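Since the structure comes first, as structure tokens, the remarks are kept for the end.
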Amino acid sequence: MELPEGYIFKAPCVFWREKSLLLYASGSVLYAFNTRDSVLSHKFENGHITKAIRSITVDNARSLILVASEDKILSIFDDSIKLLAKRQFGKKLVSTAVVENSILIADSFGDISVLPFADIHDIEDKGSDKDLLCPFSHYSTITATYTSAEGSIFTANKDGKVVRNSIPDVHNILNYYLGHTQSVSSLAIIDGDIEPVLASLSIDFSVKFWDIKSGDELYSVDLTQVLDDVGVVPCHIAWDSANKILLLPCSKKLFFLHLSLENGVSHVNTTTLSLEYTLQTCLAVPLEDSSQLYIVDSEGNLHIYISSLKNLDTSCKLVNDVNINLWEKDLVSSSLENSKAIPLNVAKHVM
Numbered sequence: 373m374e375l376p377e378g379y380i381f382k383a384p385c386v387f388w389r390e391k392s393l394l395l396y397a398s399g400s401v402l403y404a405f406n407t408r409d410s411v412l413s414h415k416f417e418n419g420h421i422t423k424a425i426r427s428i429t430v431d432n433a434r435s436l437i438l439v440a441s442e443d444k445i446l447s448i449f450d451d452s453i454k455l456l457a458k459r460q461f462g463k464k465l466v467s468t469a470v471v472e473n474s475i476l477i478a479d480s481f482g483d484i485s486v487l488p489f490a491d492i493h494d495i496e497d498k499g500s501d502k503d504l505l506c507p508f509s510h511y512s513t514i515t516a517t518y519t520s521a522e523g524s525i526f527t528a529n530k531d532g533k534v535v536r537n538s539i540p541d542v543h544n545i546l547n548y549y550l551g552h553t554q555s556v557s558s559l560a561i562i563d564g565d566i567e568p569v570l571a572s573l574s575i576d577f578s579v580k581f582w583d584i585k586s587g588d589e590l591y592s593v594d595l596t597q598v599l600d601d602v603g604v605v606p607c608h609i610a611w612d613s614a615n616k617i618l619l620l621p622c623s624k625k626l627f628f629l630h631l632s633l634e635n636g637v638s639h640v641n642t643t644t645l646s647l648e649y650t651l652q653t654c655l656a657v658p659l660e661d662s663s664q665l666y667i668v669d670s671e672g673n674l675h676i677y678i679s680s681l682k683n684l685d686t687s688c689k690l691v692n693d694v695n696i697n698l699w700e701k702d703l704v705s706s707s708l709e710n711s712k713a714i715p716l717n718v719a720k721h722v723m
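The opening residue of the sequence shown carries number 373 in my numbering; numbering runs sequentially from there.
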């Protein structure tokens, strides 16, 4: 795939624990990887989605998958990746969240709108944006969102502001998090020793950590000081809860920010994994004594690391890497055994 100069990858990737499904996108293609059976179970690319997928949201209560794409379309799938409905919007969609019997829609104009499930009637819903309730607006482009299990939605904008709103009462602003000087590109919740902490990544080359309840800045990391030879700012962060590591994919490197969460937040050290491919996104799924790390590269390939990230040596070697080429194979299957490399009939990398 030829890459435009300056292109920044930011592909969505979520883990549906109840279904053992890793859901992710590359461009306009939606993938479902069954982590229990190690099977690429579905690949949706039949033309219904015409532009890059921006977000994937799981509605576990209804067994639905909500996909927002840059063609201004919300697509709704069941857990077998069957398309159930589509809804056309007038503005580009950034992300979605499920609230009781409605869907929250964050768009590029900075609005958060409410779409009741009851208002989606058929496979080609062409309802008007004017029919939607808009309880909150940033008045600036929304660039990142995060929905917490405790009933809050965090949204960030291109001006560097992060806002926490109540769910389901989105008009109720709970906190502002102010300190970034440029656009915020990614949000994550990390599990501190006492209380969860909000992490935000900005193109001002900083990661900031916030007290969720008070809005106070707890700690800030200047990425130019801790990352090795970073040419472009990372555009995504992911939290590895098992190992207390913040993951930052950036071009052909994956940075591991090792944190101490005792009495607040502090940066301990950084390790770097140099790769032969360009990263889009990554996700760490906790196991009993380690994490399973999933990386999606610029070609839509899925790389799986099943080593314990706690045992990274100084050269940051991860020997159990299996590359699953999703463009060439419609179905890949294998079995996991004792955290060994997966014996697939595809390329396997030992670093």
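Note that CB positions come from ideal geometry on N, CA and C, so glycine has one too. Keep in mind the model is a prediction, meaning the values are calculated, not measured.
Counting only the same chain and skipping the five closest in sequence on each side, list residues whose C-beta sits under 6 Å from that of residue i.
i, result
"Ile380", "Confidence is the limiting factor: at Ile380 the pLDDT is only 47, short of 50, which leaves the residue's position unreliable and the question unanswerable from this model."
"Thr596", "Phe577"
"Ile562", "Val569, Ala571, Trp611"
"His510", "Gly482, Asn529"
"Val605", "Ile575, Phe577"
Just the C-alpha distance for residue i and residue j, rounded to the nearest angstrom, thanks.
i, j, result
"Ala610", "Ile566", "20 Å"
"Ile484", "Glu671", "32 Å"
"Trp388", "Ala490", "24 Å"
"Gln554", "Leu633", "26 Å"
"Ser392", "Thr517", "23 Å"
"Pro540", "Ile437", "20 Å"
"Ile492", "Asn406", "29 Å"
"His552", "Lys444", "28 Å"
"Ser574", "Ser557", "5 Å"
"Leu626", "Leu647", "8 Å"
"Gln664", "Tyr591", "28 Å"
"Leu504", "Phe481", "14 Å"
"Ser520", "Val471", "12 Å"
"Lys624", "Gly603", "11 Å"
"Glu390", "Ala433", "10 Å"
"Phe526", "Asp431", "18 Å"
"Glu522", "Thr643", "32 Å"
"Gly587", "Leu456", "40 Å"
"Leu402", "Asp479", "20 Å"
"Lys533", "Ala560", "15 Å"
"Ser524", "Ser467", "15 Å"
Compare the C-alpha of residue i against each of the options and name the closest.
i, options, result
"Pro621", "His639, Ser632, Leu655", "Leu655"
"Cys506", "Ala516, Ser663, Ile477", "Ile477"
"Leu487", "Ser474, Asp479, Ser480, Phe481", "Ser474"
"Ser583", "Ala404, Tyr548, Lys454, Val466", "Just to set this straight, residue 583 is Asp in the shown sequence, not Ser. The shortest Cα separation from Asp583 among Ala404, Tyr548, Lys454, Val466 belongs to Tyr548."
"Thr422", "Asp563, Glu442, Asn432", "Glu442"
"Ser435", "Asp588, Leu618, Gly603, Phe449", "Phe449"
"Ile635", "Glu589, Gly564, Gly587", "Correcting the residue type first, residue 635 is Asn in the shown sequence and not Ile. Per the Cα distances, Gly564."
"Val593", "Gly587, Ala560, Leu631", "Leu631"
"Leu550", "Ala560, Asp531, Val542", "Asp531"
"Ser427", "Gly587, Leu465, Leu455", "Leu465"
"Val542", "Phe508, Lys533, Glu522", "Phe508"
Less than 7 Å between C-beta atoms, sequence neighbours within five positions excluded: which residues of the same chain meet that for residue i?
i, result
"Val668", "Ala383, Cys385, Tyr396, Ser398, Gln652, Thr653, Leu674"
"Arg408", "Ser392"
"Trp699", "Its pLDDT being 28, under 50, Trp699 is placed unreliably by the model, and nothing is read from it."
"Ile545", "Val535, Asn537"
"Ala725", "This structure gives no information on residue 725, because the portion of the chain shown stretches from 373 to 723."
"Glu589", "Gly551, Lys580, Trp582"
Determine whether the beta carbon atoms of residue i and residue j lie at a separation below 8 Å.
i, j, result
"Asn529", "Thr513", "yes"
"Thr515", "Ala469", "no"
"Lys580", "Ser572", "yes"
"Val439", "Ser447", "yes"
"Leu618", "Leu629", "yes"
"Ala404", "Ser410", "no"
"Leu394", "Tyr666", "yes"
Answer yes or no: the CB of residue i versus the heavy atoms of the ligand NAD, is any distance below 7 Å?
i, result
"Thr527", "Questions concerning the ligand NAD fall outside what the structure shown contains, since it holds no ligand whatsoever."
Using C-beta distances below 8 Å, list every residue in its chain close to residue i, excluding the 5 sequence neighbours before and after it, in chain order.
i, result
"Lys454", "none"
Touch test, the region 409–421 against the region 459–469, Cβ-Cβ under 8 Å, three pairs minimum: No, the region 409–421 does not touch the region 459–469.
Three-pair Cβ contact test at 8 Å for the region 645–659 versus the region 610–629: Note that the region 645–659 touches the region 610–629; at least 3 beta-carbon pairs, one per stretch, sit closer than 8 Å.
Three CB pairs or more closer than 8 Å across the region 631–642 and the region 579–599: Result yes; three or more Cβ-Cβ pairs closer than 8 Å.
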